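Residue numbers for the sequence shown follow the numbering used here, beginning at 63 and rising by one. Cβ coordinates follow ideal geometry from the N, Cα and C atoms, glycine included. None of these values were measured; they are calculated from a predicted model.
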Amino acid sequence: MRPPQTIRDVQRLNGKIATLSRFVSKSAEGRYPEVEKYAYALIISAKKLRPYFQAHTIKVLTDKPLKQVLAKPETSSRLIKWSVELGEYDVKFEARSTIKSQVLADFVRDNTPTECMEEDPSESERGIWKLSVDGSSCLTGSGAGLVLTSADGWTLEYALRFKFKATNNEVEWEALIAGLKIAKHLEVQKIEASSDSQLVVGLKNGEYEAREDPMVKYLSHFQGMKSAFKILRIVKVPRAENVRADQLSKLATAEELEKNQTVLVDYLDSPTISEVDVMDIDVPQGPNWMTPFINWLRNGILPEDPVEARKLVYRANRFQFRDGILYKRFFSFPWLRCLNPSEADYALREVHEGICGNHTGAGHCLTSC
Numbered sequence: 063m064r065p066p067q068t069i070r071d072v073q074r075l076n077g078k079i080a081t082l083s084r085f086v087s088k089s090a091e092g093r094y095p096e097v098e099k100y101a102y103a104l105i106i107s108a109k110k111l112r113p114y115f116q117a118h119t120i121k122v123l124t125d126k127p128l129k130q131v132l133a134k135p136e137t138s139s140r141l142i143k144w145s146v147e148l149g150e151y152d153v154k155f156e157a158r159s160t161i162k163s164q165v166l167a168d169f170v171r172d173n174t175p176t177e178c179m180e181e182d183p184s185e186s187e188r189g190i191w192k193l194s195v196d197g198s199s200c201l202t203g204s205g206a207g208l209v210l211t212s213a214d215g216w217t218l219e220y221a222l223r224f225k226f227k228a229t230n231n232e233v234e235w236e237a238l239i240a241g242l243k244i245a246k247h248l249e250v251q252k253i254e255a256s257s258d259s260q261l262v263v264g265l266k267n268g269e270y271e272a273r274e275d276p277m278v279k280y281l282s283h284f285q286g287m288k289s290a291f292k293i294l295r296i297v298k299v300p301r302a303e304n305v306r307a308d309q310l311s312k313l314a315t316a317e318e319l320e321k322n323q324t325v326l327v328d329y330l331d332s333p334t335i336s337e338v339d340v341m342d343i344d345v346p347q348g349p350n351w352m353t354p355f356i357n358w359l360r361n362g363i364l365p366e367d368p369v370e371a372r373k374l375v376y377r378a379n380r381f382q383f384r385d386g387i388l389y390k391r392f393f394s395f396p397w398l399r400c401l402n403p404s405e406a407d408y409a410l411r412e413v414h415e416g417i418c419g420n421h422t423g424a425g426h427c428l429t430s431c
């Protein structure tokens with residue numbers, strides 16, 4: 063671009079810059095999702111008020127899930143960058159108090175007698191997931207079919223093959239428990255499961271009594287899973303209304319299962335109830351290097367030392383605590399499971415007995431590893 067030579071050229075250039083700045087400043091309005099807009103506003107504030115952010119603890123009052131979004135930024139490269147930038151400061155997120163204009167509405171809502179209000183029957187049904195399960199046991203093997211439908215309407219189909227012998231009643235229980243485990247992993251809170259097994263539904267509803275030892279164990283295992291859901295219903299449906307799950311269960315026992323490319327396929331090595339017979343004899347672990355990360359990610363507790371607290375918040379952006387397990391994101395973005403000292407010692411012994419077992423000396427082994 064040729065530099066301006068006259069006053070008129072300078073004025074023309076300033077006009078172009080002003081127009082371009084207005085366009086760039088508004089481009090984020092349509093480019094960022096709503097939550098990212100709030101995160102972007104926080105980043106801009108941190109840049110403009112950098113000395114204050116460095117010298118003080120910053121409390122962010124918001125009704126948006128900024129803390130959760132910035133704690134799990136893997137969905138967006140922008141969020142990863144912003145999360146690292148904010149990790150330099152001591153930023154705490156707090157829920158914003160009720161807006162004054164809502165006080166009257168909240169007062170009426172909290173003090174209106176419940177008997178004067180008509181209950182909306184569809185309110186409890188909102189956000190409920192549907193699960194259809196069916197099991198199949200034949201000469202070629204045993205398997206289960208699962209159809210999980212979200213509240214928004216998308217469907218997940220799943221075929222599960224058992225590597226053990228099971229009766230018809232046992233495969234029905236295995237199908238139900240496997241479906242509930244998948245729903246629990248997806249953090250489903252409300253679910254209605256459909257099964258064409260009269261025994262399974264009858265045992266759950268108390269219509270039948272569990273007399274055989276496997277049925278007692280399956281029922282006990284199911285009762286232990288109920289606490290993971292706010293709403294859990296098991297309903298009996300005719301076989302004609304459970305066609306897709308029945309087809310998947312038969313597919314799971316077919317010999318050409320490995321050739322299938324359209325349905326999620328998994329294998330179950332042993333019955334679920336066999337896990338109950340295994341006693342956990344691990345020695346309780348004391349505080350270790352993972353404890354500060356778990357306390358922060360699960361309970362929001364930071365060390366008392368402000369320097370250590372700031373370091374922890376900065377490093378915790380690459381960690382995630384899920385289902386009682388701490389994970390760390392690697393450079394290529396797979397999640398690696400973190401190990402406590404006893405687990406790490408066991409893993410190292412397994413490695414040295416395997417690929418490092420042929421080394422002749424300890425020094426050579428340490429050098430190779």
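At what residues does the beta strand (DSSP E) containing phenylalanine 381 begin and finish? Per DSSP, phenylalanine 381 belongs to the beta strand (DSSP E) from 381-384.
Count the other C-beta atoms from every protein chain shown that fall within 10 angstroms of the C-beta of threonine 68, then say buried if there are 16 or more, exposed otherwise. exposed
With DSSP collapsed to three states, give me the class of isoleucine 293. strand
Enumerate in chain order the residues of its own chain whose CB-to-CB distance from proline 403 is below 7 Å, with the five nearest sequence positions on each side excluded. Asn350
Quick one: residues in its chain with C-beta nearer than 8 Å to the C-beta of proline 365, no 5 flanking neighbours on either side, listed in chain order? Pro354, Ala371, Leu374
Do you know how far the Cα of lysine 225 is from the Cα of phenylalanine 284? 21 Å
Could you check if threonine 315 is buried or exposed, using at least 16 other CB atoms within 10 Å of its CB as the buried criterion? buried
Counting along the chain, where does the beta strand (DSSP E) carrying glycine 197 start and finish? 191-200
Which one or two residues does DSSP pair with glutamate 156 in a beta bridge? Leu123
Between the C-alpha atoms of arginine 301 and aspartate 214, what's the straight-line distance to the nearest angstrom? 25 Å
Entirely within the region 197-230 and at least 3 residues each: give me those beta strand (DSSP E) ranges in chain order. 203-211, 217-224
Helix or strand or just coil, what does DSSP make of tryptophan 397? strand
First and last residue of the uninterrupted beta strand (DSSP E) at isoleucine 387: 387-391
Where the beta strand (DSSP E) containing isoleucine 253 begins and where it ends: 252-257
Starting from aspartate 407, trace the alpha helix (DSSP H) both ways and give me its first and last residue. Run containing aspartate 407: 403-415, per the alpha helix (DSSP H) assignment.
Note down the Cα distance separating tyrosine 114 from isoleucine 105, rounded to an integer number of angstroms. 13 Å
If you measure between the beta carbons of alanine 206 and leucine 141, is that distance less than 8 Å? It is not a contact, given that the beta carbons lie outside the stated cut-off.
Inter-residue Cα distance where the pair is histidine 414 and tyrosine 408: 10 Å
Cβ atoms of isoleucine 120 and valine 153: under 8 Å apart, would you say? yes
Cβ shell of arginine 380 (< 8 Å), same chain only, five flanking positions each side left out: Lys390, Arg391
Integer-rounded CB distance, given that lysine 266 should sit under 8 Å from phenylalanine 291: In fact, because the Cβ distance is near 13 Å, the residues do not count as touching under 8 Å.
Locate the beta strand (DSSP E) running through leucine 330, then write down its first and last residues. 326-330
Measure from the alpha carbon of alanine 157 to the alpha carbon of each residue in Val122, Lys110, Pro368, Ser257, then state which is nearest. Val122
Beta carbon of valine 278 nearer than 8 Å to that of alanine 272: Cβ distance < 8 Å, so valine 278 and alanine 272 count as in contact.
Please confirm whether leucine 294 and isoleucine 244 have their CB atoms less than 8 Å apart. no
Report the option in Leu82, Leu111, Lys126 whose CA atom is closest to the CA atom of proline 95. Cα-wise, what sits closest to proline 95 is Lys126.
Leaving aside the five residues before and after valine 97 along the sequence, list all residues of the same chain whose C-beta is less than 8 Å from its C-beta, in chain order. Lys126, Pro127, Leu128, Val131
Give me, in chain order, the residues of the same chain whose beta-carbon lies closer than 6 Å to that of glutamate 234; leave out the 5 immediate sequence neighbours on both sides. Gly197, Ser259, Val262
Span separating the alpha-carbon of valine 369 from that of valine 327: 48 Å
Would you mind working out which of Leu410, Arg377, Gly348, Arg384 sits nearest serine 145, comparing C-alpha positions? Arg377
Other residues of its chain near serine 204: CB distance less than 6 Å, five sequence neighbours each side excluded: Phe224, Ala228, Val233
Where do the ends of the alpha helix (DSSP H) carrying lysine 129 lie? Element bounds for lysine 129: 128-133.
With distances taken between CB atoms, is the gap from serine 257 to valine 305 smaller than 8 Å? no
Report buried or exposed for leucine 388, applying the criterion of at least 16 other Cβ atoms within 10 angstroms of its Cβ. buried
Counting only the same chain and skipping the five closest in sequence on each side, list residues whose C-beta sits under 8 Å from that of aspartate 331. Lys225, Phe226
Could you work out which residue in Lys288, Ser336, Ala255, Ala307 is closest to lysine 298 when comparing CA atoms only? Ala255
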